[in-house]
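Chains as they are written, first to last, in the working numbering: chain U, 1 to 340; chain S, 341 to 680.
Think of the CB as a built atom: it goes at the ideal place given N, C-alpha and C, for glycine as much as any other residue.
What follows is a short report on a single structure.
There are 2 protein chains.
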Amino acid sequence: MSQPVSPINSPVRLQEVAQAAGVSAVTVSRCISNPDRVSRKTREHVLAIAAELGYIPNRQASSLASARTRVIGVVVPTSANPIHSMVMQGAADVLEPAGYQILLGHSHFSVDAECDLVRTFLGHRVDGILLTGKDHSPDCVDLLRRSGTPVVEMFDYNPEPLDMSVGSSNVDAGAALGRYLIGKGRRHLAFVGHIGLDDSRMADRLAGLRLATEEAGLDAPVAYEITATPGTGQGGEIIGTIIREHPQTDAVVFAGHYVAVGAIRHALDLHLDIPGRVAIAGFGDSIVSGWIRPGLTTIRFPVRETGMEAGRMLLARLAGKTPSGRVTRLGFEIISRESA
Amino acid sequence: MSQPVSPINSPVRLQEVAQAAGVSAVTVSRCISNPDRVSRKTREHVLAIAAELGYIPNRQASSLASARTRVIGVVVPTSANPIHSMVMQGAADVLEPAGYQILLGHSHFSVDAECDLVRTFLGHRVDGILLTGKDHSPDCVDLLRRSGTPVVEMFDYNPEPLDMSVGSSNVDAGAALGRYLIGKGRRHLAFVGHIGLDDSRMADRLAGLRLATEEAGLDAPVAYEITATPGTGQGGEIIGTIIREHPQTDAVVFAGHYVAVGAIRHALDLHLDIPGRVAIAGFGDSIVSGWIRPGLTTIRFPVRETGMEAGRMLLARLAGKTPSGRVTRLGFEIISRESA
DNA sequence: ACTCATTTGGAAAACGCTTTCCATTCTGAT
DNA sequence: ATCAGAATGGAAAGCGTTTTCCAAATGAGT
Numbered sequence: 001m002s003q004p005v006s007p008i009n010s011p012v013r014l015q016e017v018a019q020a021a022g023v024s025a026v027t028v029s030r031c032i033s034n035p036d037r038v039s040r041k042t043r044e045h046v047l048a049i050a051a052e053l054g055y056i057p058n059r060q061a062s063s064l065a066s067a068r069t070r071v072i073g074v075v076v077p078t079s080a081n082p083i084h085s086m087v088m089q090g091a092a093d094v095l096e097p098a099g100y101q102i103l104l105g106h107s108h109f110s111v112d113a114e115c116d117l118v119r120t121f122l123g124h125r126v127d128g129i130l131l132t133g134k135d136h137s138p139d140c141v142d143l144l145r146r147s148g149t150p151v152v153e154m155f156d157y158n159p160e161p162l163d164m165s166v167g168s169s170n171v172d173a174g175a176a177l178g179r180y181l182i183g184k185g186r187r188h189l190a191f192v193g194h195i196g197l198d199d200s201r202m203a204d205r206l207a208g209l210r211l212a213t214e215e216a217g218l219d220a221p222v223a224y225e226i227t228a229t230p231g232t233g234q235g236g237e238i239i240g241t242i243i244r245e246h247p248q249t250d251a252v253v254f255a256g257h258y259v260a261v262g263a264i265r266h267a268l269d270l271h272l273d274i275p276g277r278v279a280i281a282g283f284g285d286s287i288v289s290g291w292i293r294p295g296l297t298t299i300r301f302p303v304r305e306t307g308m309e310a311g312r313m314l315l316a317r318l319a320g321k322t323p324s325g326r327v328t329r330l331g332f333e334i335i336s337r338e339s340a
Numbered sequence: 341m342s343q344p345v346s347p348i349n350s351p352v353r354l355q356e357v358a359q360a361a362g363v364s365a366v367t368v369s370r371c372i373s374n375p376d377r378v379s380r381k382t383r384e385h386v387l388a389i390a391a392e393l394g395y396i397p398n399r400q401a402s403s404l405a406s407a408r409t410r411v412i413g414v415v416v417p418t419s420a421n422p423i424h425s426m427v428m429q430g431a432a433d434v435l436e437p438a439g440y441q442i443l444l445g446h447s448h449f450s451v452d453a454e455c456d457l458v459r460t461f462l463g464h465r466v467d468g469i470l471l472t473g474k475d476h477s478p479d480c481v482d483l484l485r486r487s488g489t490p491v492v493e494m495f496d497y498n499p500e501p502l503d504m505s506v507g508s509s510n511v512d513a514g515a516a517l518g519r520y521l522i523g524k525g526r527r528h529l530a531f532v533g534h535i536g537l538d539d540s541r542m543a544d545r546l547a548g549l550r551l552a553t554e555e556a557g558l559d560a561p562v563a564y565e566i567t568a569t570p571g572t573g574q575g576g577e578i579i580g581t582i583i584r585e586h587p588q589t590d591a592v593v594f595a596g597h598y599v600a601v602g603a604i605r606h607a608l609d610l611h612l613d614i615p616g617r618v619a620i621a622g623f624g625d626s627i628v629s630g631w632i633r634p635g636l637t638t639i640r641f642p643v644r645e646t647g648m649e650a651g652r653m654l655l656a657r658l659a660g661k662t663p664s665g666r667v668t669r670l671g672f673e674i675i676s677r678e679s680a
């Protein structure tokens, strides 16, 4: 009974493995995190003992000692929107196989909530941070700057990132969609954005559209704002209002594709000929857009690829490969279907 | 120059705050995590200094010392499927406001990958674990058992959980859908499941369906398996094969609703009258099911609520409130649309 | 003014690892 | 056999907190 009594559920520690293997704690540590520093024979013996004892290294302790956590903090607005969970998945596709874990936080489109999450992540001493969007609170920027933690801003093309960025330009996408519509003979565009969520992205898309109308010498697009819960497809009713208030409108661009699909449904109910009377287009893509009739013409962003590239950039930086400050610009694709 | 030189980017530490505030480190620690143990005056002074210095407590160190991390490990098969990211979001809805962070891992429907993730999470000494599904590798079960970490298994009704569980019964759902179809006069059912992913859930749904046919004295449903990438809606073509190989079939149940929607599209192309010639139904629901014509009759599970309840159960346990081992059974809803 | 109980703040010992030296023990070339 | 140099294992000093346990200071009751 001279065996030290361990508290219930107490996990086995490095020291105990060392004792059981007849080596010092240092050696056990090395077998696990620096295998080359130890002879094959010792290593195999120690690892066998460790496995037998069910040893699981305490990463709090190891992080504290080594100042690396192998954890990446990721902020997304919400996981309820497949777009964002897809970006997340993309990042995970790259990060998890590389041995990094993801600490996830939801900002609900609030820069203050984002800032709080960043603070929490820094408290966890994450090795890197992935942010969604290019708007951040001054406090947040300050926090990140002085921490020196590698950061990738995802989703929007951002030529002047905090640190690194990867994404597509919403202005360009808006302009491209505008030119496409104008090329199809449309002359009176309308734009429907959400309000309160994702504001700068909406603004960029509208700005792009406006660019296209200017180029063509047309009136600026009529802009509407709705308060749609994203992903629900509510808000499509506005198509009726637009046609009533601006009867000359011959193309409506929706900032979200769910709403756009909702609008197509409503247009059918209103016996509006799509695209004869009015064309409909949207941003973002999912199988819904392809399945509805008429199919929705829309801009597809490479969302999963965005996440993957963000992960890759972070890994490169963590491996010490990248010169500070790198921007990756991704494109987009116009998916041309029947609605426009 | 007797000031200790701190390395670049070195975050300020407890000790430095203490020095600046003219108190001991202990006092600073208490101001932050145990404010009542310190007088109001001291506390306010210390917190002001801490804020001024931009002090962010190191959670690795604090977790190591306190044996609590305020981190919950969550395993989902994939974030590419909105169903699972919705469960995640539900859990986050409850956990984040309570001051817990989510460490996320993707199992890709592999119990071995799940086991590895659990091991990693235990290494991080998470305060609790959320798992998807009721199937786990023996190693995983063993690991969790001996660690004593609170665990909630989500998604499936699981009367004999590892620890706690919350979800709906897929057998019941299958049976309910079967009875519904039989009640509508259908006599020859077919079932289409995916293979390789989510196997036990598929099996449960089929089992439920079979239960319904048995009750009614009908032939067991003809079962098909496809290898569909979830969420893409591929695989709907099989409706043609089924009708050819089993012409008497008058109802097809799809294990996934995306595939079911795909089948509706294909049926239209094949000029199969839905639901006249054959009824179509599915499991799971999203806006797609409601927007296609004919609308898809389907089973809706309370996914977000599942995640939220899982979060609540975990919090209750962590607050020491729950007697070990609790099961929450959630229901489901038959959404009756035109397709069946 | 004098106890006694109660706050309030501090010293020191964990928490479980990694890391930086150092001291051995092997190699194989002379 | 001898010796440099590499390979191998260990001792000790952190990493930045929290958590006892104590001492000093404060306040209430006589």
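query = If we count the other Cβ atoms within 10 Å of its Cβ and call it buried at 16 or more, is S:G624 buried or exposed?
reply = Residue mapping note: residue 624 of chain S aligns to position 284 of the second sequence, counting from 1. S:G624 comes out buried.
ask   = What residues in the segment 624-638 of chain S have a beta carbon less than 9 Å from any beta carbon of chain U?
value = S626, I627, V628, G630, W631, I632, R633
message = Just to check my reading of the structure: U:D204 and U:N170 have Cβ atoms closer than 8 Å, yes? What is that Cβ distance to the nearest angstrom?
response = For the purposes of this step, residue 204 of chain U is identified with residue 204 of the first sequence, where counting begins at 1. For the purposes of this step, residue 170 of chain U is identified with residue 170 of the first sequence, where counting begins at 1. Going by Cβ atoms, the distance from U:D204 to U:N170 rounds to 4 Å, so yes, they are a contact pair.
query = What is the rounded straight-line gap between the Cα of U:A20 and the Cα of S:D479?
reply = As a working note, residue 20 of chain U is residue 20 in the first sequence. As a working note, residue 479 of chain S is residue 139 in the second sequence. Whole-angstrom Cα-Cα distance: 22 Å.
query = What does a CB cutoff of less than 8 Å around S:L443 pick up in its chain, not counting 5 residues either side in sequence?
reply = As a working note, residue 443 of chain S is residue 103 in the second sequence. Taken in chain order, the residues that qualify are V411, I412, G413, V414, F461, H464, V466.
With 16 other Cβ atoms within 10 Å as the buried cut-off, status of U:G185 = By one-based count along the first sequence, residue 185 of chain U stands at place 185. Its Cβ having fewer than 16 others within 10 Å, U:G185 is exposed.
task = Classify U:I102 as helix, strand or coil using the three-state DSSP reduction.
result = As a first step, residue 102 of chain U must be located in the first sequence, where it is residue number 102. Reduced to three states, the DSSP call for U:I102 is strand.
query = Counting contacts by CB-CB distance shorter than 9 Å, is U:H136 in contact with chain S?
reply = In the first sequence, the residue the question calls residue 136 of chain U occupies position 136. So, not an interface residue.
query = Do you know offhand how far U:V107's Cα is from S:A432's?
reply = Mapped onto the first sequence, residue 107 of chain U falls at position 107. Mapped onto the second sequence, residue 432 of chain S falls at position 92. The amino acid occupying residue 107 of chain U in the given sequence is Ser; Val does not appear at that position. Approximately 11 Å, taken between the alpha carbons.
key: Test: S:V682 CB closer than 9 Å to a CB of chain U   = Residue 682 of chain S lies beyond the range of chain S shown here (341 to 680); nothing can be said about it.
key: Beta-carbon proximity of U:F234 to S:L404, cut-off 9 Å   = Here residue 234 of chain U corresponds to residue number 234 of the first sequence, with the count starting at 1. Here residue 404 of chain S corresponds to residue number 64 of the second sequence, with the count starting at 1. Per the sequence shown, the amino acid found at residue 234 of chain U is Gln instead of Phe. Not closer than 9 Å, so no.
request  = For U:L181, I'd like the list of residues in its chain whose CB is within less than 7 Å of its CB, leaving aside the five on either flank, ordered along the chain.
outcome  = Counted from its first residue, the first sequence places residue 181 of chain U at position 181. Around U:L181: L189, A251, A279, A281, A340.
query = What residues from chain S crowd round U:T78, counting only those whose CB sits closer than 7 Å?
reply = Against the first sequence, residue 78 of chain U aligns to sequence position 78. Within chain S, the residues near U:T78 are Q429.
key: Identity of the residue in S:F672, S:L655, S:S419 nearest S:G439 by Cα   = Taking the first residue of the second sequence as position 1, residue 439 of chain S is located at position 99. For the residues S:F672, S:L655, S:S419, the minimum Cα distance to S:G439 belongs to S:L655.
request  = Under 8 Å between beta-carbons, which chain S residues line up against U:G123? List them in chain order, please.
outcome  = Indexing the first sequence from 1 puts residue 123 of chain U at position 123. Chain S residues near U:G123: I396, P397, N398, R399.
inquiry  = Mapping the DSSP letters down to three states, classify U:H194 as helix, strand or coil.
reply    = Here residue 194 of chain U refers to the residue found at position 194 when the first sequence is read from its first residue. Reduced to three states, the DSSP call for U:H194 is strand.
request  = Tell me, please, whether the CB atom of U:M86 is closer than 9 Å to any CB atom in chain S?
outcome  = As a first step, residue 86 of chain U must be located in the first sequence, where it is residue number 86. It does: the Cβ of U:M86 has a partner Cβ on chain S nearer than 9 Å.
ask   = For S:E649, which three-state DSSP category applies?
value = In the second sequence, the residue the question calls residue 649 of chain S occupies position 309. In the structure shown, S:E649 sits in a helix (DSSP, three-state: H, G or I).
message = Can you pull out the residues from the segment 144-162 of chain U whose beta carbon lies closer than 8 Å to at least one beta carbon of chain S?
response = R146, S147, G148
message = Given this structure, state the Cα-to-Cα distance separating U:D36 from U:I299, to the nearest angstrom.
response = Position 36 of the first sequence, counting from 1, holds the residue named residue 36 of chain U. Position 299 of the first sequence, counting from 1, holds the residue named residue 299 of chain U. Distance between the alpha carbons of U:D36 and U:I299: 51 Å.
inquiry  = Among U:A175, U:G276, U:V303, U:E338, whose alpha-carbon lies nearest the alpha-carbon of U:V261?
reply    = Counted from its first residue, the first sequence places residue 261 of chain U at position 261. Cα-wise, what sits closest to U:V261 is U:E338.
inquiry  = In whole angstroms, give me the CA-to-CA distance for U:R244 and U:G105.
reply    = Position 244 of the first sequence, counting from 1, holds the residue named residue 244 of chain U. Position 105 of the first sequence, counting from 1, holds the residue named residue 105 of chain U. Near 42 Å, if we compare the C-alpha coordinates of U:G105 and U:R244.
Residues near S:A390 by beta carbon distance below 6 Å, same chain, minus five either side = By one-based count along the second sequence, residue 390 of chain S stands at place 50. Excluding residues within five positions, the ones whose Cβ falls inside 6 Å are V357.
query = CB S:R527 to CB S:D496, shorter than 9 Å?
reply = Reading the second sequence from its first residue, position 187 is the one you call residue 527 of chain S. Reading the second sequence from its first residue, position 156 is the one you call residue 496 of chain S. No.
task = Quick one: residues in its chain with C-beta nearer than 8 Å to the C-beta of U:R141, no 5 flanking neighbours on either side, listed in chain order?
result = For the purposes of this step, residue 141 of chain U is taken as the residue at position 141 of the first sequence. Residue identity check: residue 141 of chain U is Val in the sequence provided, not Arg. In the same chain as U:V141, and ignoring 5 residues on each side of it, the C-beta atoms closer than 8 Å to its own belong to L162, in chain order.
Where S:R541 falls: helix, strand or coil (DSSP) = Stepping through the second sequence from its first residue, residue 541 of chain S is reached at position 201. Of the three classes helix, strand and coil, the one that applies to S:R541 here is helix, per DSSP.
inquiry  = Nearest by alpha-carbon distance to S:V434: which of S:S676, S:G671, S:K661, S:A650 is it?
reply    = Your numbering for residue 434 of chain S matches position 94 in the second sequence. Among S:S676, S:G671, S:K661, S:A650, the Cα nearest to that of S:V434 is on S:A650.
CB of U:G196 within 9 Å of CB of U:F301, strictly = The count along the first sequence starts at 1 and reaches residue 196 of chain U at position 196. The count along the first sequence starts at 1 and reaches residue 301 of chain U at position 301. No. Outside cutoff.
inquiry  = Between the alpha carbons of S:R485 and S:V458, how many angstroms are there, rounded?
reply    = For this step, residue 485 of chain S is matched to residue 145 along the second sequence. For this step, residue 458 of chain S is matched to residue 118 along the second sequence. Their backbone Cα atoms lie some 12 Å apart in a straight line.
key: Opening and closing residue of the beta strand (DSSP E) in which U:I32 lies   = Residue 32 of chain U sits at position 32 when you count from the first residue of the first sequence. Run containing U:I32: none in the beta strand (DSSP E); it sits in the alpha helix (DSSP H), 25-33.
key: Three-state secondary structure (DSSP) of U:D172   = Taking the first residue of the first sequence as position 1, residue 172 of chain U is located at position 172. Residue state, collapsed to three classes: helix.
inquiry  = Less than 7 Å between C-beta atoms, sequence neighbours within five positions excluded: which residues of the same chain meet that for U:G208?
reply    = Taking the first sequence and counting its residues from 1, the one referred to as residue 208 of chain U is at position 208. Result list for U:G208: N170, V171, D172, A173, G174, A175, G178, in chain order.
message = Classify U:G183: buried if its beta carbon has 16 or more other beta carbons within 10 angstroms, exposed otherwise.
response = Position 183 of the first sequence, counted from the first residue, corresponds to residue 183 of chain U. Exposed, since its Cβ has fewer than 16 Cβ neighbours within 10 Å.
task = Check the Cβ-Cβ distances between S:Y598 and every residue of chain U, and say whether any is below 9 Å.
result = For this step, residue 598 of chain S is matched to residue 258 along the second sequence. When Cβ-Cβ separations below 9 Å define contact, S:Y598 makes contact with chain U.
key: S:E356 in three-state terms, based on DSSP   = Position 16 of the second sequence holds residue 356 of chain S. Helix, per DSSP.
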